[in-house]
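A.B. asks: Structure incoming, see below.
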Amino acid sequence: MASVRRAVILAAGLGTRMLPATKSIPKEMLPVVDRPIIQYAVEEAVAAGIEHVVIVLSPDRAAIREHFGGGSRIEGIARERGDDALTARVLAPERLATFTFVEQREPLGTGHAVQQAQPYLEGEPFALLFPDDIILGPAPCTAQLAKVYEGCGAASVIAVQQVSREQIPQYGIVDPTGPGNPVRLRGIVEKPPASEAPSDLGVVGRYVLGPSIFEQIEKLEPGAGGELQLTDALGVQIAAGEPVFACRFEGRRYDAGRPAGAIAAAVAAAIDREEIRADLLAHLTALMPTEQ
Ligand code: G1P
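All residue numbers for the sequence shown refer to our numbering, where the first residue is 1180 and numbers rise by one.
Structure representation (structure tokens):
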């Protein structure tokens, strides 16, 4: 049985980069091909053997709850019609896992958001996913991290990838102890200026964490942006001598919280789908500038 059986998905962001689409719809519910952004994170967690998903929401985001819950109008219509195939498609999201929803009432940061899930984790290690990051590829990123977690004696693991100098101030940046992969960390800093960054390895929104992280989160003071940052809690863990590893994962990562990233994720995910690929490529080819 997998040792990481629970996942926490943070879905309480404001989605300001995707306004006005996110005025009434949570950014996590915007579609990428034919499923909402958040479903990619759930499917990735499930593919890693996770059975119980805790989703942290802001209070006005009922659509996420409805997506992974039963009793929708379309379910009623599909059942009334006796259309089993349609019913199965409607029920697919809620059948992925067992879901718990918990509210983050104020946007106080990632550390605070994760803390809201603590009562549902029962002291177990957990995967943490930020659904804005869509990661595609044959090996689910969460499964890669869980393997490192098990191989490194239950040390926390953070997914990282190389980022450009210009992008450094948008990311948590790790300070690795060497060139290996996975590599133990000697530090981590949230959104530093490029001139002060300890490396060019940026944190991607995937972690596997042990329950001891909550001891650090409880003691957090506001950090970057005045928020309680998960990165700072990890930094305290590292400073206290606890092993924390970074893993350069295999897979293509898209920032679906930004317009260009969301479109790129949709194109990539659609190209992976055989029934859509040819049609989409024809559209894309028609958009290519023709030689004069
Ligand atoms: C969050 C984390 C940051 C990480 C990033 C990855 O920042 O705080 O450390 O690098 O996600 O997507 P956000 O993008 O939510 O500001």
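Glycine included, each C-beta is placed from N, C-alpha and C at the ideal position. Being a predicted model, the structure only gives us computed values, none of them experimental.
Following the continuous beta strand (DSSP E) through A1338, name the residue where it begins and the one where it ends.
C.D. replies: Start and end: 1335-1341.
A.B. asks: The ligand G1P and G1228: does any heavy atom of the ligand fall closer than 7 Å to the residue's C-beta?
C.D. replies: For the ligand G1P, not one heavy atom lies less than 7 Å from the Cβ of G1228.
A.B. asks: Is any heavy atom of the ligand G1P found at a distance shorter than 7 Å from the C-beta of Q1340?
C.D. replies: Result no, Cβ not under 7 Å from the ligand G1P.
A.B. asks: Could you tell me how far apart the beta carbons of S1378 and D1354 are, in whole angstroms, since I believe they sit closer than 8 Å?
C.D. replies: Yes, they are in contact, since the Cβ atoms of S1378 and D1354 sit about 6 Å apart, within 8 Å.
A.B. asks: With respect to 7 Å, is the separation between the Cβ of Y1328 and the closest non-hydrogen atom of the ligand G1P below this value?
C.D. replies: No; taking the cut-off as 7 Å, the Cβ of Y1328 has no heavy atom of the ligand G1P nearer than that.
A.B. asks: Alpha carbons only, please: which of L1380, V1293, L1265, D1451 is nearest the one belonging to A1191?
C.D. replies: Looking at the Cα atoms, V1293 is the closest of the given residues.
A.B. asks: Measuring only the C-alpha atoms, how far is Y1433 from D1311?
C.D. replies: In a straight line, the C-alpha of Y1433 is about 8 Å away from that of D1311.
A.B. asks: On the three-state DSSP scale, how would you describe C1426?
C.D. replies: Note: C1426 maps to strand in three-state DSSP.
A.B. asks: Where does the unbroken beta strand (DSSP E) through L1380 begin, and where does it stop?
C.D. replies: Taken as a continuous stretch (DSSP letters only), the beta strand (DSSP E) holding L1380 covers 1380-1388.
A.B. asks: I need the boundaries of the alpha helix (DSSP H) containing Y1328, first residue and last residue.
C.D. replies: Counting along the chain, the alpha helix (DSSP H) containing Y1328 begins and ends at 1320-1330.
A.B. asks: Is it right to say H1291 is buried, meaning 16 or more other beta carbons lie within 10 angstroms of its own, or is it exposed?
C.D. replies: With 16 or more Cβ atoms within 10 Å of its Cβ, H1291 is classed as buried.
A.B. asks: Pairs of beta-carbons, one from the stretch 1371-1391 and one from the stretch 1342-1351, closer than 8 Å: are there three or more?
C.D. replies: At 8 Å Cβ cutoff, the stretches touch.
A.B. asks: Measure how close the beta-carbons of A1334 and L1324 come, nearest whole angstrom, since I'm counting them as under 8 Å.
C.D. replies: The pair is not a contact, with the Cβ atoms about 11 Å apart (cut-off 8 Å).
A.B. asks: Would you kindly work out how many angstroms separate the C-alpha atoms of T1277 and R1427, rounded to a whole number?
C.D. replies: Whole-angstrom Cα-Cα distance: 29 Å.
A.B. asks: I need the boundaries of the alpha helix (DSSP H) containing R1456, first residue and last residue.
C.D. replies: Counting along the chain, the alpha helix (DSSP H) containing R1456 begins and ends at 1453-1466.
A.B. asks: Identify which residue in M1197, A1200, M1208, V1415 has its Cα closest to the Cα of R1240.
C.D. replies: For the residues M1197, A1200, M1208, V1415, the minimum Cα distance to R1240 belongs to M1208.
A.B. asks: Three-state secondary structure (DSSP) at T1469?
C.D. replies: Correct three-state label for T1469: coil.
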